[in-house]
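Count along the sequence shown from 1, add 1, and you get the number used in the working numbering.
To keep things clear, I will list the structure first and then write my remarks on it.
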Amino acid sequence: MPAATPGPRAGRYAPSPSGDLHLGNLRTAILAWVLARRTGRTFHLRVEDLDRVQEGAAQRQLEDLAALGLDWDGEVVRQSERGADHEAAIGSLTAQGLVYECYCTRREILEAPSAPHAPPGAYPGTCRDLSPAEREAGRVRMRELRREPALRLRAEVTEWSVQDLWEGEVRGAVDDLVLRRGDGVVAYNLAVVVDDAAAGVDQVARGDDLLSSAPRQAHLAHLLGLPEPTYAHVPLALNTAGARLAKRDGAVTLRDRLAAGESAADVVERIGESLGLAGCRSAADLLEAWDPAGMSRRPWVVDLPA
Ligand code: GLU
2 MPAATPGPRA GRYAPSPSGD LHLGNLRTAI LAWVLARRTG RTFHLRVEDL DRVQEGAAQR
62 QLEDLAALGL DWDGEVVRQS ERGADHEAAI GSLTAQGLVY ECYCTRREIL EAPSAPHAPP
122 GAYPGTCRDL SPAEREAGRV RMRELRREPA LRLRAEVTEW SVQDLWEGEV RGAVDDLVLR
182 RGDGVVAYNL AVVVDDAAAG VDQVARGDDL LSSAPRQAHL AHLLGLPEPT YAHVPLALNT
242 AGARLAKRDG AVTLRDRLAA GESAADVVER IGESLGLAGC RSAADLLEAW DPAGMSRRPW
302 VVDLPA
């Protein structure tokens, strides 16, 4: 496994191109950019297109981020083009004896009794210690199902700690997470670690729905001999009913807001207000006014004019 590229410290925004970014996503992107730019980091964009790709969405996302005044360093990275590094990481873990094949279907995992002391939802370890004959039977079954066995991490710890800008030390579960799925696609948890390290990312800013994944990702970085980043998990945006903001909540994308007669500056101002920064009409204004200590840790309830 090649070491992480040395270079300036970096931040990033890494959207999945599954559709247009909504106001909550745009706010996270702005925060990631402000955090990087205020701390002398470079800022990178990565399109996480291993999964959930909607035709044209990546291009629209980049256009929207640029329209809000964000800029980025270097080429936009497409995760789907980083397969060689992902496979090298799986090779490194395999060489350390830390990878095993898993023949379970999703349903079998859901129905299996959980292992004692395992966190809820953790893989019960069904395929962790199979005999050679049991493995052969598993492979035969996979061929019948026309699937590859998934590859899982043979985790040797059950917990790991990370540092979050707002939450401080966060200790969380590590389990036998999937490294490569049964459909052959490299798992997000592995790809994110490898790609962040390759770009020199040492602070990962993103939505706080991923806070609970940070310990397992940092542990993977540790196992791969990569620097463990710190984190800045940003509160999510909610609708007025308290559910996570989604496209069906109405005119919630930049293009929707423009169609409703607002300008990009109006959208920036609205996002600034949610961060406790009034009167910021450009990304540059936000960059100047930003105070990490003043940010509300509560979710942003998006209440748009009808
Ligand atoms: N691609 C993920 C998403 O859009 C974010 C992953 C990350 O920032 O680590 O939800």
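The beta carbon of each residue, even a glycine, is placed where N, CA and C say it ideally should be.
For arginine 245, which residues of its own chain have a beta-carbon under 7 Å away from its beta-carbon, when the five flanking residues on both sides are left out? Leu237 and Leu239
Span separating the alpha-carbon of glycine 12 from that of tryptophan 34: 7 Å
Closer than 7 Å to a non-hydrogen atom of ligand 1 - does that hold for the CB of glutamate 193? According to the sequence as given, residue 193 is valine; it is not glutamate. Yes, ligand 1 has a heavy atom inside 7 Å of this Cβ.
For valine 163, I'd like the list of residues in its chain whose CB is within less than 6 Å of its CB, leaving aside the five on either flank, ordered along the chain. Val171, Ala215, Pro216, Ala219 and Tyr232
For serine 132, count neighbouring Cβ atoms within 10 angstroms of its own Cβ and tell me buried if that reaches 16, exposed if not. exposed
Pull up the CB-CB distance for valine 268 and arginine 258, whole angstroms please, since I reckon it's below 8 Å. 5 Å
What are the boundary residues of the beta strand (DSSP E) that includes glutamine 80? It is not in any beta strand (DSSP E) - glutamine 80 carries neither H nor E in the DSSP assignment.
Measure the beta-carbon distance from glycine 25 to tryptophan 291 and round it to whole angstroms, keeping in mind my assumption that it falls under 8 Å. Going by Cβ atoms, the distance from glycine 25 to tryptophan 291 rounds to 18 Å, so no, they are not a contact pair.
Can you list, in chain order, the residues of its chain with a C-beta nearer than 8 Å to that of tryptophan 161? Leave out the 5 residues immediately preceding and following it. Arg172, Gly173, Val175, Pro216, Arg217, Ala219, His220 and His223
For valine 187, verify whether its CB is less than 7 Å away from any heavy atom of ligand 1. no
Using only the alpha-carbon positions, how far apart do alanine 200 and serine 17 sit? One alpha carbon belongs to alanine 200, the other to serine 17, and they sit about 18 Å apart.
Quick check: the Cα distance between aspartate 311 and glutamine 55, rounded to an integer number of angstroms? Any question about residue 311 goes unanswered here, given that the chain covers just 2 to 307.
By how many angstroms is the C-alpha of leucine 27 removed from the C-alpha of arginine 155? 37 Å
What did DSSP end up calling glycine 70 once you bin it into helix, strand or coil? coil
At which residue ranges does the stretch 178 to 221 contain complete alpha helix (DSSP H) runs of 4 or more residues, listed in the order of the chain? 189 to 199
So does proline 236 have its beta carbon nearer than 7 Å to some heavy atom of ligand 1? Proline 236: no, Cβ never under 7 Å from ligand 1.
Over what stretch of residues does the alpha helix (DSSP H) that includes valine 141 continue unbroken? Where valine 141 is concerned, the enclosing alpha helix (DSSP H) stretches over 133 to 145.
Taking 8 Å as the threshold (C-beta atoms), are proline 228 and alanine 198 in contact? Yes, the Cβ-Cβ distance between alanine 198 and proline 228 is below 8 Å.
With 16 as the cutoff for other CB atoms within 10 Å, does aspartate 65 come out buried or exposed? buried
Among the residues of its own chain, which have a CB less than 7 Å from the CB of tyrosine 104, if the five just before and after it don't count? Cβ neighbours of tyrosine 104 beyond the five flanking positions: Cys128, Gly139, Arg142, Met143 and Pro150.
Considering only C-alpha positions, which residue in the set Glu102, Arg298, Glu76 and Arg47 is nearest to aspartate 130? Glu102
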